[in-house]
Amino acid sequence: MSHLLPMPVMRSVAGLRAVVAAWHAEGLRVALVPTMGALHDGHLTLVRRGLELADRVVASVFVNPTQFGPSEDFSAYPRREAVDAELLAGAGAHGLYAPTVAEMYPAGFATTVSVAGVSEGLCGAFRPGHFAGVATVVAKLLLQARPDIALFGEKDYQQLQVIRRMVRDLDIPVSIVGVPTVRDADGLAMSSRNAYLTEAERAIAPALFRTLTQIAARLAAGGPAAEQEDWGAAVLLGAGFASVDYLELRDAESLDRLDRLDRPGRLLVAAHLGKARLLDNIAVTPR
Ligand code: PAF
C-alpha cells in the first residue's frame with residue numbers, strides 16, 4: 112500500500128485481518144502500535160520506530176473501558192479520532208484500527224487475561240483490575256491484528272512488563288518492542304493525561320523526572336533505597352504534588368522490590384497533580 116493512498120481506517124476485526132493478511136501475503140513485516148488515542152509525539156515515536164523495524168505499521172485507537180476503574184477518567188479521557196488519524200498518516204502509518212466497544216467486547220464477552228506477579232504492586236495496588244483490562248485488550252489486539260511486532264512506550268513500564276510476561280506465557284507469536292520515553296524539553300514525560308494540567312501545574316510537573324534523576328544518583332552512591340524513596344516523595348510534595356501513590360526502586364525485569372541498588376533497577380513513580388495522575392520511571396544501574 113502506498114503512502115500516497117489515503118490511510119485506511121478499519122472498524123472491524125474482519126477488516127483489520129483482511130488488510131494485515133494482504134500485507135503478509137506480499138511478504139511484508141507488520142508492526143502494531145496499540146494506543147488509546149489523544150496522540151502525542153510519544154505515540155508518533157512508536158510509529159516511527161515501527162517503520163524502521165517493519166514494512167507496514169498499523170496503529171490502533173481504542174479507549175478501553177475495562178482498564179478504567181469506576182471512579183476513573185474513562186468518560187473524560189480525550190477522544191479526537193480525526194486529529195489522531197491525520198497525525199498517524201503524517202507520521203507514515205499505513206492503517207488505523209479504531210473498533211467500537213461492541214466490536215471489541217460483543218454481548219456475552221466473558222474472558223479476562225490476568226497476569227500474576229508483575230501486575231501486583233505499584234499501579235496494580237492503586238488501580239485494581241487495571242492490568243487485567245490492559246492484558247485482555249492487548250491480547251485481543253495482538254490476536255486480531257496478528258502483527259510480527261508490537262511497540263509500547265517505556266513510560267508505562269509496568270504495563271510493558273505485564274505485556275511481555277503475557278506474550279511469553281501465552282505463546283503469542285509476536286515480538287514486543289519497548290521504546291524509550293519521549294520527554295518535553297524540561298523532562299516531563301509525554302502523556303495524554305498531561306492535557307489535564309493547568310499552566311501552574313504544568314510548571315510543577317517536571318519535578319517528577321528531576322527528582323527521579325536525583326534519586327538515581329543518590330542510589331548509585333549506595334545506601335538503603337527506602338531512605339531515598341522517602342526523600343524523593345517529600346521533595347515531590349514540597350514541589351506541589353498533592354500525593355505520591357508510590358516511588359519505588361524495583362528490579363528492572365521482574366519488578367521485585369529492591370532494598371538497595373545491587374543489580375539493574377527501575378525507579379518508578381506515580382503522583383497526583385491537580386486532576387492528573389502522572390507516571391514516570393527511569394533505569395538505574397549500580398556503579
Ligand atoms: O498504553 C495504552 O495506551 C493502553 O494501556 C493500551 C496498551 C493501548 C491498551 O489499551
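Numbering (the numbering used here), first residue to last: 112 to 398.
Here a beta-carbon is modelled for each residue, glycine too, at the ideal position from N, C-alpha and C.
Extent of the continuous alpha helix (DSSP H) to which residue i belongs
i, result
"residue 257", "Counting along the chain, residue 257 falls outside any alpha helix (DSSP H), and DSSP gives it neither H nor E."
"residue 315", "310 to 315"
"residue 273", "268 to 280"
"residue 214", "212 to 215"
"residue 369", "Segment: none, residue 369 is in no alpha helix (DSSP H) and carries neither H nor E."
"residue 341", "336 to 350"
"residue 194", "192 to 202"
"residue 235", "234 to 237"
"residue 323", "318 to 331"
Status (buried if at least 16 other CB within 10 Å, exposed otherwise) for residue i
i, result
"residue 237", "exposed"
"residue 396", "exposed"
"residue 212", "exposed"
"residue 113", "With a pLDDT of 41 at residue 113, under the threshold of 50, the predicted position of this residue should be treated as unreliable, though the coordinate-derived value follows. Exposed: under 16 other Cβ atoms inside 10 Å."
"residue 81", "The structure shown has nothing for residue 81, since the chain only spans 112 to 398."
"residue 334", "exposed"
"residue 171", "buried"
"residue 225", "exposed"
"residue 210", "buried"
"residue 52", "Residue 52 is absent from the structure shown; the chain starts at 112 and stops at 398."
"residue 163", "exposed"
"residue 258", "buried"
Cβ-based neighbour list, residue i, same chain, cut-off 6 angstroms, excluding 5 preceding and 5 following
i, result
"residue 366", "229 and 272"
"residue 291", "265"
"residue 354", "383"
Endpoints, the beta strand (DSSP E) within which residue i is located
i, result
"residue 394", "387 to 395"
"residue 359", "354 to 362"
"residue 378", "376 to 384"
"residue 288", "286 to 290"
"residue 206", "206 to 208"
Neighbourhood of residue i by C-beta, 7 angstroms cutoff - its chain only, sequence neighbours within 5 removed
i, result
"residue 262", "142, 144, 157, 160, 161, 288 and 290"
"residue 308", "316, 384, 385 and 387"
"residue 223", "243 and 247"
"residue 344", "355 and 358"
Cβ neighbours of residue i in the same chain (closer than 8 angstroms, five flanking residues each side left out)
i, result
"residue 377", "268, 360, 361, 362, 363, 366, 392, 393, 394 and 395"
"residue 348", "354 and 355"
"residue 153", "264, 266, 292, 293, 300, 301 and 302"
- Message: Extract the residue ranges of the alpha helix (DSSP H) inside the stretch 134 to 186, only unbroken runs of 4 or more that lie entirely within it.
- Response: 152 to 164
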